[in-house]
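Below is one structure, written out as structure tokens, with a few remarks after it.
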Amino acid sequence: MSSYNREDILSIIQFAQQLVGKPLREVCNPEIINHGYSGKGNFGQILEDYYFKYKPNSDSRADFHEVGLEVKSTALKKLKNNELRAKERLVLNIINYKELVDQDFETSTFFEKNAHLLLIFYLYERGVNVLDLIVKLVGEWKFPETDLEIIRKDWELIKSKVISGKAHELSEGDTIYLGACTKGGKGGNPRPQPNSTILAKQRAFSFKQGYLNYIIDFLTNTTFDNEINIIDDKSLLVEKSFEEIVLEKFQPYIGLTFEKIAQQLNFVAVLSQPKSMYSLLTNAILGLKNRGEFVEFKKAGIQIKTVRLSSENMPREDISFPAFEYLELVEEEWEESELLGYLESKFLFVFYKENGNNLVLDKVKFWNMPQDDIEEAKKVWEHTIELIDAGKIVRSIQNGRRVTNFSGSRQNKVLHVRPHALNANDTYPLPIMDIVTGLKEYTKQSFWFNKKYIKDFIYSG
DNA sequence: GCATGATCATGC
DNA sequence: GCATGATCATGC
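This note's numbering applies: residue 30 is where the first sequence begins, and numbers increase by one.
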């Protein structure tokens with residue numbers, strides 16, 4: 030790979046960097062207005078055809094394969110604080126299940142094609158013509174050594190699942206940085222897999238959104254002083270997986286009481302923080318002294334959930350997701366929905382169990398949601414949208430309290446919908462007026478994991 | 001006792 | 001001021 034001519038590579042990158050600050054319409058031949066590309070990938074197709082001047086193809090080799098450089102364009106979104114973040118994951122090459130099982134990582138289609146990327150980020154704006162979207166950032170990307178070890182293991186895990194005839198059970202939450210995301214719309218474009226007769230959804234290798242954000246931070250020289258690495262030496266990853274290394278950090282404290290752990294870690298401060306002390310203690314076990322984030326968790330989109338269990342293993346509380354906006358929810362497609370994004374992430378569950386008057390660190394596990402349960406959760410999402418669209422959120426008002434038609438914890442195995450607001454007057458706008466209240470706004474709500482689901486399928490599962 | 005509506009606490 | 005993780009409290 031190092032035999033490629035660096036000058037040729039640099040000239041391509043420099044050519045690409047001339048895009049920064051401009052839309053395609055400005056930098057390409059005027060005939061670009063007749064481009065004829067439509068659909069989601071059209072920015073990339075137009076870019077290749079009219080700027081780089083080669084026809085979009087499905088060649089398994091890199092775009093500029095003479096120098097081993099693959100061009101990828103992807104969208105940024107602007108947050109409320111004006112920060113630029115990845116709009117979604119970066120989809121790489123499609124996984125060919127039949128070929129994957131015979132490949133080795135170093136010579137795999139994935140690595141041959143994506144070891145060296147030329148990334149072009151443009152700012153997405155709803156309703157704006159693709160030719161007028163402004164390119165914000167252009168840069169090259171090669172994997173740092175420690176990331177590459179994790180990505181290699183991700184790739185191996187995806188391969189081993191396909192070898193076991195479980196391509197249909199693949200999920201983005203299976204892996205750390207390199208995901209196997211669905212590709213091909215609603216039907217999932219089912220295709221055969223080598224060691225099972227069950228058809229599997231078409232999937233592609235992809236960078237998790239968090240990993241892409243990390244690349245953006247790197248390319249823009251953005252640094253954070255409140256982040257720590259859990260793994261600082263890639264040699265640790267030779268013998269063990271990332272998950273194993275994390276779990277081992279908890280091992281010395283399993284079976285100890287909350288107070289004992291806090292004492293051993295010199296963490297007296299947490300005792301005065303009633304609502305967040307359990308999650309702060311979890312952070313402390315992983316080595317975070319103050320508030321902050323773990324680099325690998327952020328890059329992988331891993332969500333840490335600290336759960337208090339009764340002696341019967343029932344969580345004290347359900348677990349909430351962020352409140353959803355009604356106007357956005359009803360516009361979503363399931364495959365791109367915010368909820369699916371959460372459900373497909375990997376979770377680290379830390380369970381503290383009640384033992385008399387004490388709370389004891391009982392169990393720690395990585396978890397991600399099985400496909401069947403994701404399908405089950407989808408029903409709640411669909412039902413919620415139906416209610417909002419029909420203006421039938423509220424069923425009645427009893428003693429001043431509103432009784433809603435939202436899906437409760439008895440209706441669905443996985444999720445329910447419940448208020449998530451400062452109080453009942455803390456609302457988001459509705460697309461249409463609610464029939465019972467006559468209001469065009471309603472108390473903020475969110476999806477919640479049923480605690481029974483946590484008990485039966487996450488803790489015990 | 002549990003499900004569900006309502007609200008608190010913290011940090012940015 | 002608001003988003004988010006966490007928790008309270010009422011009524012069946």
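Beta carbons are placed, not taken as given, at the ideal position from N, Cα and C, and that holds for glycine.
Cβ neighbour criterion (16 or more within 10 Å) applied to residue 400:
exposed
Taking just the CA atoms, how far does residue 448 sit from residue 295?
37 Å
Under a three-way DSSP split, which group does residue 145 fall into?
strand
Are three or more beta carbon pairs between the region 419-436 and the region 386-393 nearer than 8 Å?
no
Smallest Cα separation from residue 493: which of 398, 382 and 393?
One cannot answer for residue 493 here, as it falls past the ends of the chain, which runs 30 to 490.
Reference residue 58, options 69, 81, 476 and 334, closest by Cα
81
Rounded to whole angstroms, what's the CA-CA distance from residue 317 to residue 161? Just pull it up for me.
44 Å
Between the CA atoms of residue 226 and residue 196 - distance to the nearest angstrom:
10 Å
Given a cut-off of 8 Å on the beta-carbon distance, is the pair residue 206 and residue 329 in contact?
yes
What alpha helix (DSSP H) runs, 4 residues minimum, are completely inside the region 265-300?
265-268, 271-279 and 287-293
CA-CA distance, residue 46 and residue 168?
8 Å
For residue 269 and residue 333, what's the separation of their Cα atoms in angstroms?
21 Å
Three-state class that DSSP yields for residue 194 in the structure shown:
coil
Does the Cβ-Cβ distance between residue 151 and residue 287 come in under 8 Å?
no
Look at residue 75 and residue 61 and say whether their C-beta atoms are less than 8 Å apart.
yes
Report, in whole angstroms, the separation of the C-beta atoms of residue 276 and residue 118, which I expect to be a contact under 8 Å.
About 26 Å; that fails the 8 Å criterion.
Which residue's Cα is closest to the Cα of residue 140: 78, 159, 99 and 351?
99
Is residue 30 buried or exposed, if buried means 16 or more other CB atoms sit within 10 Å of its CB?
At residue 30 the pLDDT is 48, less than 50, meaning the model places this residue with poor confidence and gives no usable figure here.
Work out the CA separation of residue 232 and residue 213 for me, nearest whole Å.
8 Å
Go to residue 365, then tell me how far its alpha helix (DSSP H) extends in each direction, as first and last residue.
Neither: residue 365 is in no alpha helix (DSSP H) and is coded neither H nor E.
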